[in-house]
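Residue numbers (our numbering): 51 to 277.
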Ligand code: CTP
């Protein structure tokens, strides 16, 4: 089954975890890589959905794919679990916040002492939840899962451990400390590692061209899997 006949779920952008009514924890993800992937996915499968955290709405204009807006990592987990299906491809380009405040305060924190500590608790790992669902439900064994690894050091080792720990079919590694790679830029430098070995290196490319190249690599991976 090629991408044309599959549902493609792309996630992108950051998530937001509120501290009080006026402050939150988030990260620098712009959602640009996710949007490029959703556009490239929609060119191959009309059944494409882009699940995104808070991003600049103008980035979405012109996109013809279905969208779902979420705010927190918990919301993103719910939306991903709701969308996955046996014939889907999940591309997790989102940068979910890994921690959230232990409690969300109803009233604004007022300036007081010189130091302020906020207790954080770990958020669920969405890809690990998907892996657990896949292993519990054999009908989902055909779900093809692609992760991203944004790293600043020991890039390859971390990407390979995520490939294994999150039970991924592929991981797209980018070293966000390199010029031209990373969150707010229009370009990226990616290396893909595949389940069971295999690596594809891409040069510095526009996120648009890279998205298309990643979709091509997924298509090849799907074809190899059915053999
Ligand atoms: N991811 C996820 N759930 C999270 C955090 C990340 O599913 N709570 C996904 C991301 O969308 C990405 C992959 O896991 O596809 C790796 O994300 P990354 O931020 O690089 O790594 P983490 O797993 O969060 O680990 P660390 O922050 O320690 O590098």
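Note that beta-carbon positions come from the ideal geometry of N, C-alpha and C, so glycine has one too.
Open item on the list: Using a 10 Å radius around the Cβ and a threshold of 16 neighbouring Cβ atoms, would you call residue 202 buried or exposed?
Closed with: Residue 202 should be labelled exposed.
TODO: To the nearest angstrom, report how far apart residue 168 and residue 252 are at their CA atoms.
DONE: Between the alpha carbons of residue 168 and residue 252 lies a distance of about 41 Å.
TODO: My understanding is that residue 143 touches residue 262, with C-beta atoms under 8 Å, so please give their C-beta distance in whole angstroms.
DONE: Cβ atoms of residue 143 and residue 262 stay farther apart than 8 Å, at about 14 Å.
Open item on the list: Give me the residue from 122, 128 and 93 with the minimum Cα distance to residue 114.
Closed with: Sorting 122, 128 and 93 by C-alpha distance to the C-alpha of residue 114 places 93 at the top.
Open item on the list: From the DSSP secondary-structure annotation, give me the bridge partner or partners of residue 154.
Closed with: Partner residues in a beta bridge of residue 154, as assigned by DSSP, do not exist.
- [ ] Report yes if the C-beta distance between residue 197 and residue 216 is below 7 Å; otherwise report no.
- [x] Taking the C-beta atoms as reference points, residue 216 is found nearer than 7 Å to residue 197.
Open item on the list: Judging by CA-CA distance, which residue of 121, 71, 74 and 72 is the nearest neighbour of residue 62?
Closed with: Nearest Cα to residue 62 within the set 121, 71, 74 and 72: 121.
Open item on the list: So within the segment 202-248, which uninterrupted alpha helix (DSSP H) runs reach at least 4 residues, ignoring any that extend past its ends?
Closed with: For the segment 202-248, whole alpha helix (DSSP H) runs of length 4 or above, ordered along the chain, are 205-215.
Open item on the list: Within the continuous beta strand (DSSP E) that includes residue 133, where are the two ends?
Closed with: Premise fails: residue 133 lies in the alpha helix (DSSP H), 123-133, not in any beta strand (DSSP E).
Task: Any non-hydrogen atom of ligand 1 closer than 6 Å to residue 173 Cβ - done: Indeed, a heavy atom of ligand 1 lies less than 6 Å from the Cβ.
Task: Start-end ranges of the beta strand (DSSP E) lying completely within the segment 83-108, minimum 3 residues - done: Counting only runs of 3 or more, we get 98-102.
- [ ] Determine, using beta carbons only, whether residue 85 and residue 109 come nearer to each other than 7 Å.
- [x] Contact: yes.
Task: Alpha carbon of residue 206 to alpha carbon of residue 240, nearest angstrom - done: Straight through space, the alpha carbons of residue 240 and residue 206 are spaced by roughly 11 Å.
Task: Selected residue, minimal CA-CA separation from residue 249, among 137, 213 and 146 - done: The candidate whose alpha carbon is nearest that of residue 249 is 213.
TODO: Can you give me the start and stop residues for the alpha helix (DSSP H) that residue 59 sits inside?
DONE: Unbroken run through residue 59 is the beta strand (DSSP E), 57-62; no alpha helix (DSSP H).
Task: residue 112 (DSSP reduced to helix, strand or coil) - done: Assigned with DSSP and collapsed to three states, residue 112 falls in coil, not helix or strand.
Open item on the list: Would residue 117 and residue 147 be called neighbours here (beta carbons separated by less than 7 Å)?
Closed with: Taking 7 Å as the Cβ cut-off, residue 117 and residue 147 do not qualify as a contacting pair.
Task: Among 174, 55 and 178, nearest to residue 219 - alpha-carbon criterion - done: Considering only 174, 55 and 178, the residue with the shortest C-alpha distance to residue 219 is 178.
TODO: State buried or exposed for residue 186, treating a residue as buried only when at least 16 other CB atoms are found within 10 Å of its CB.
DONE: Taking all protein chains shown into account, residue 186 has fewer than 16 neighbouring C-beta atoms within 10 Å of its C-beta and is therefore exposed.
Task: 7 Å Cβ cutoff met for residue 101 and residue 129 - done: Yes. Within cutoff.
Task: Rounded separation between residue 194 and residue 74 - CA only - done: Per the coordinates, the alpha-carbon of residue 194 lies some 33 Å from the alpha-carbon of residue 74.
Open item on the list: To the nearest angstrom, how far is the alpha carbon of residue 264 from that of residue 165?
Closed with: C-alpha separation (whole angstroms): 46 Å.
Task: Collapsed DSSP secondary structure at residue 256 in the structure displayed - done: Strand, per DSSP.
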